[in-house]
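Going down the list, the protein sequences come from chains A and B.
The numbers in our numbering rise by one with no breaks, and the one at position 291 of the first sequence is 291.
The numbers in our numbering rise by one with no breaks, and the one at position 24 of the second sequence is 706.
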Amino acid sequence: MPKLKVDGVEVEVPAGATVLQACEAAGKEIPRFCYHERLSIAGNCRMCLVEVSPGPPKPQASCALPAMDNQEIRTDSDMVRQARHGVMEFLLINHPLDCPICDQGGECDLQDQAMGYGHHSSRYAENKRAVEDKDMGPLIKTVMTRCIHCTRCVRFSTEVAGVSDLGALGRGETMEITTYLEKALASELSGNVIDLCPVGALTSGPYAFVSRPWELTRTETVDVMDAVGSSIRVDTRGSDVLRVLPRTHEEVNEEWISDKTRFACDGLKRQRLDRPYLRREGRLVPVDWQEAFDAIAERLGGLAGERIAAVVGDQCDVESMFALKQLMTALGSPHLECRQDGARLDPSARAGYLFNTTIAGIESADAILLAGTNPRREAPVLNARIRKRWLAGGLEIGLVGEHHDLSYPYRHLGDTPDVLSRILEGEHAFAEVLRRAGSPMLVLGMAALAREDGAAVHALGRSIAEAFGMVRGEWNGFNVLHTAASRVGALDLGFVPTAGGRDLAGIIEGVADGSLDLLWLLGADEIAGDLPGDTFVVYQGHHGDRGAHRADVILPGAAYTEKDGLYVNTEGRVQAGVQAAFPPGQAREDWRIIRALSERLGRRLEYDSLGDLRRALVAAHPVFAALDRPQPAEWRPFGTGGPVDALPFGAAIANFYMTDPISRCSAVMAECTEVFGMGEAA
Amino acid sequence: MSGHEFAEEQPANWEFTPENAARVDEIIARYPPGRQASAVIPLLDLAQRQNDNWLPLKAVETVAERLDMPPIRVLEVATFYTMFNLKPVGRYYLQACTTTPCWLRGSDQVMRCIRDRLGIGNHGSTGDGMFSLLEVECLGACVNAPILQVNDDYYEDLDYESTGELLDALRRGEPPPPGSMAGRNLSESSAGATTLTSLRPASPGREGG
């Protein structure tokens with residue numbers, strides 16, 4: 001633990017810390033462009049110069065200098081100030097002074113630091129260099145003349161995203177950042193280079209010239225595009241969501257988000273359901289809320305509970321699912337379903353459907369067995385955490401399932417569940433890896449569970465976890481990687497068939513053979529395409545997607561940016577989403593719609609505000625009380641033992657860019673699908 | 683001039699010749715396992731020598747594949763070093779040193795002669811594909827400045843006339859032996875040896891005068 005003095009303040013920093021970190025520990029702000037905590041050290045911008053003694057009598061780059069005992073650092077001497085002024089002057093020699101037309105203006109590191117260290121005018125009278133812009137795909141707009149060669153983007157794509165596409169060609173004044181032969185940057189995390197770029201060289205393509213940062217209202221909330229629940233900031237102007245940016249959450253997304261999280265927000269403006277609709281003579285006609293409620297009440301009149309079913313979708317907040325469950329229970333329906341993909345998960349044992357290791361816990365693992373999952377598509381940010389662990393060394397990874405580039409090397413063990421059986425029997429070479437491991441992990445994806453033998457695979461996973469000591473003491477290495485943001489919350493609520501209830505297949509069958517008269521779809525679009533028959537379908541949701549096309553009554557709800565709501569991520573972490581904009585037109589928050597209808601049906605739900613609802617929710621399910629603190633789940637038996645099929649594991653997500661009503665309505669995501677060739681696989 | 687403009691006409695395929703492929707294995711074997719990327723510069727050099735002194739993109743990709751590196755990493759190296767040519771160059775690739783010692787000793791005359799005889803300046807090539815010129819920094823033979831490097835050979839002690847003679851000889855296809863064009867033996871004093879004259883060994887170079 002080196003002890004050193006920074007401007008006379010004594011600090012003690014962990015061994016291996018840099019002088020820059022020591023200065024920060026002493027409360028001194030060091031300007032920097034190339035240095036970034038989560039990337040390797042480059043030391044090429046020279047902005048972080050400090051004076052160090054003992055040492056040579058010249059300024060030194062603090063980001064690349066190890067902190068040592070008895071060093072004396074000056075961050076405010078004349079030498080330092082002059083050196084930084086000099087560096088800034090050189091950076092600005094070739095940087096265009098085009099801030100008024102630059103999208104980074106107002107949130108630009110160079111602009112900010114030029115205020116502190118820049119000269120009042122330029123002494124450079126020669127021609128500035130100009131660099132041709134590069135094509136990096138539909139998401140990243142480039143103005144390469146502005147590039148100051150910090151190489152953060154190169155280091156991010158190589159180290160974090162694991163896609164070595166970006167590089168710096170040439171040298172000196174002719175150095176240019178580009179992708180090989182100007183291919184689009186093929187990573188699900190590519191948008192993060194926009195945040196990393198300290199200048200306006202890489203900016204958001206879809207957000208180009210849309211707004212200035214000071215015009216935006218910022219709302220800190222959570223993402224629902226996958227089950228990771230990344231912390232995000234939603235920037236709005238009026239009721240328009242203009243962009244989505246990551247927030248730092250060390251235990252979840254660090255400071256990265258996936259491209260879908262970031263760029264699907266244009267889908268929030270398209271195909272929105274902004275008023276109730278009712279199907280009359282085969283056509284959906286706009287009606288008012290009263291008429292829509294009347295139609296539902298009429299259809300429900302005297303209907304027996306077992307002729308009613310409800311399915312919730314992948315992006316629902318906990319409160320609306322809770323309200324719907326209470327309404328359905330009041331109506332006597334046992335047919336509740338949240339597993340739109342048919343995953344054979346049951347809510348009886350919480351440890352059986354959580355990512356128990358936690359995302360941060362991945363960094364402690366030393367062997368990972370992935371089964372029926374492609375984390376790069378299903379949870380890119382979580383995949384980056386696996387890659388981070390792999391980069392640290394000493395991690396062995398095996399995959400049972402479809403072979404894909406996951407951005408780190410792994411052993412492809414096979415693609416059928418019997419490989420798992422052989423591992424369990426100890427007949428497979430990977431069994432030895434798991435046996436040797438101190439902290440082994442198993443990750444079951446939806447492709448392993450959403451199949452006929454899903455319950456058997458689930459039980460097989462439990463047996464493997466038990467046989468290889470994955471569950472011991474504090475460590476729980478059994479994990480389920482969800483793809484739906486609402487799934488864990490719905491399972492925690494028990495939004496599954498109650499005694500005598502039909503599961504997903506049963507509901508679809510009931511719709512087909514007419515034994516169900518009313519089906520309530522709460523944002524459930526993924527199954528709506530498969531619904532034959534003339535069952536009366538109530539679709540409550542925010543987009544005119546598959547569900548709305550099949551619906552007889554449409555109740556316009558709110559998207560995730562338009563309501564306060566709880567979401568539980570795949571780790572079982574309860575997080576609160578915050579309203580950033582208002583739902584369009586007559587659309588309302590979903591729990592309010594259900595509450596209002598319950599009154600019309602004469603089965604009034606006992607809460608009039610979100611606060612009341614949350615109190616009722618926590619009283620019924622205490623697990624929702626622990627905000628942002630995933631609770632370890634008790635290890636109990638789950639799954640149903642039995643033979644597994646020889647059928648190979650498929651893909652839970654065919655097209656990363658389009659998985660839900662919002663991203664399906666996004667023009668940006670449609671373009672990505674085309675550019676990155678995901679469409680063929682879909 | 684940008685350091686990374688690529689030739690417009692690129693070969694569709696590019697492979698090492700069998701002899702060079704064997705050489706590639708030999709070079710890679712010099713480095714520890716897992717560190718084969720260290721061989722990137724020797725391999726690019728070998729590829730460039732095989733390909734008339736320039737590197738097509740396919741050769742860059744071949745090297746990348748051989749070393750299990752992303753192509754962009756190899757291209758970064760190939761564009762960083764001016765010794766790698768990414769466009770075809772003339773049969774005689776002239777690298778004229780114009781750094782201080784050569785400049786003091788008359789490198790301007792060398793450059794002027796090249797312009798007069800061949801009509802090309804820095805980065806230029808003659809239309810017949812015989813000559814290309816690149817102005818370079820110190821070639822490390824300052825004692826015999828000024829220097830003109832022709833492919834792998836150094837021609838030293840040049841002035842306007844001797845540069846002209848050299849270019850004419852090259853054009854005739856009769857390259858003179860490399861070394862001093864002023865008759866100096868190796869890097870001896872131009873006035874001849876002044877010390878150790880009695881111990882003078884048999885010279886591997888030309889007789890000094």
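No residue lacks a Cβ here, since even glycine has one placed at the ideal position from N, Cα and C.
Since the model is a prediction, treat every value here as computed from it, not as a measurement.
- Counting only unbroken stretches of 4 or more residues, the alpha helix (DSSP H) elements lying wholly within the region 607 to 679 of chain A are 610 to 620, 661 to 664 and 667 to 675, in sequence order.
- By DSSP's assignment, Y277 of chain A forms a beta bridge with A:P286 and A:I554.
- Scanning its chain for C-beta atoms nearer than 8 angstroms, with the 5 sequence neighbours on each side dropped, one finds around R155 of chain A the residues H36, L39, S40 and A42, in chain order.
- Spatial neighbours of R773 of chain B in its own chain (CB-CB distance under 7 angstroms, excluding positions within 5 residues in sequence) are listed in chain order as G811 and M812.
- In the DSSP assignment, N479 of chain A falls outside any alpha helix (DSSP H) and lies within the beta strand (DSSP E) extending over F478 to L481.
- Beta-bridge partners of H805 of chain B (DSSP): none assigned.
- By the CB criterion at 8 angstroms, G313 of chain A and G541 of chain A fall inside the cutoff.
- Going by DSSP, E182 of chain A is part of no alpha helix (DSSP H) at all; its letter is neither H nor E.
- Judged by their CB atoms, L166 of chain A and C153 of chain A are nearer to each other than the 8 angstroms cut-off.
- When DSSP reads this structure, I140 of chain A sits in a beta bridge with A:S204.
- Check the Cα spacing between R592 of chain A and each of A:T357, A:A651, A:D103 and A:K563: the tightest is with A:K563.
- For F762 of chain B, the residues of chain A that pass the 9 angstroms Cβ criterion are A168, L169, G170, R171 and M175, in the order they occur in the chain.
- The bridge partners DSSP lists for R272 of chain A are A:H543.
- Proximity of Y180 of chain A to chain B, defined by a Cβ-Cβ separation below 8 angstroms, is satisfied.
- With respect to the C-alpha of V52 of chain A, the residue from A:S62, A:P66 and A:I73 having the closest C-alpha is A:I73.
- Taking 7 angstroms as the Cβ-Cβ cut-off, the region 744 to 760 of chain B approaches chain A at P752, P753, I754, R755, L757 and E758, given in chain order.
- When secondary structure is reduced to three states using DSSP, Y842 of chain B falls in the helix class.
- As computed with DSSP, S231 of chain A is found in a beta bridge with A:V222.
- M1 of chain A carries a coil assignment under DSSP once its states are collapsed to helix, strand and coil.
- Counting only runs of 3+ residues, the beta strand (DSSP E) found wholly inside the region 456 to 542 of chain A occupies 478 to 481, 518 to 522 and 536 to 541, in chain order.
- Counting only residues of its own chain and dropping the five nearest sequence neighbours on each side, A746 of chain B has a CB closer than 6 angstroms to the CB of P753 and V756.
- For the pair of segments examined, the region 225 to 237 of chain A was found to touch the region 478 to 495 of chain A: the number of CB pairs separated by less than 8 angstroms reaches three.
- Look at the region 530 to 562 of chain A: it has no residue with a C-beta under 7 angstroms from a C-beta of chain B.
- With contact defined as three or more Cβ pairs closer than 8 angstroms, the region 503 to 513 of chain A and the region 278 to 285 of chain A are not in contact.
- Between the beta-carbon of L816 of chain B and that of F766 of chain B there is about 12 angstroms, and that puts the pair past the 8 angstroms contact cut.
- In this model, C316 of chain A and S486 of chain A are separated by some 5 angstroms (Cα to Cα).
- Buried is the label assigned to T203 of chain A, since at least 16 other Cβ atoms lie within 10 Å of its Cβ.
- I30 of chain A sits in coil when the DSSP states are folded into three classes, being neither helix nor strand.
- DSSP assignment within the region 303 to 384 of chain A yields the following whole beta strand (DSSP E) runs of 3 residues or more, N-terminal first: 308 to 312, 335 to 337 and 367 to 371.
- Using a Cβ-Cβ distance cut-off of 8 angstroms, the region 252 to 268 of chain A and the region 181 to 194 of chain A are in contact, since at least three pairs of beta carbons, one from each stretch, lie closer than that value.
- Per the Cβ contact rule, the region 531 to 539 of chain A is in contact with the region 513 to 520 of chain A (3 or more Cβ pairs under 8 angstroms).
- Just so you know, the alpha carbons of D366 of chain A and A616 of chain A end up roughly 42 angstroms apart.
- Taking a 10 Å sphere around the C-beta of E255 of chain A, we find 16 or more other C-beta atoms and assign the residue as buried.
- Under the three-state reduction of DSSP output, Q113 of chain A falls in the helix class.
- Here F495 of chain A is buried: its Cβ has 16 or more other Cβ atoms, across all protein chains shown, within 10 Å.
- Not flagged as an interface residue toward chain B: D405 of chain A, since no C-beta distance is shorter than 8 angstroms.
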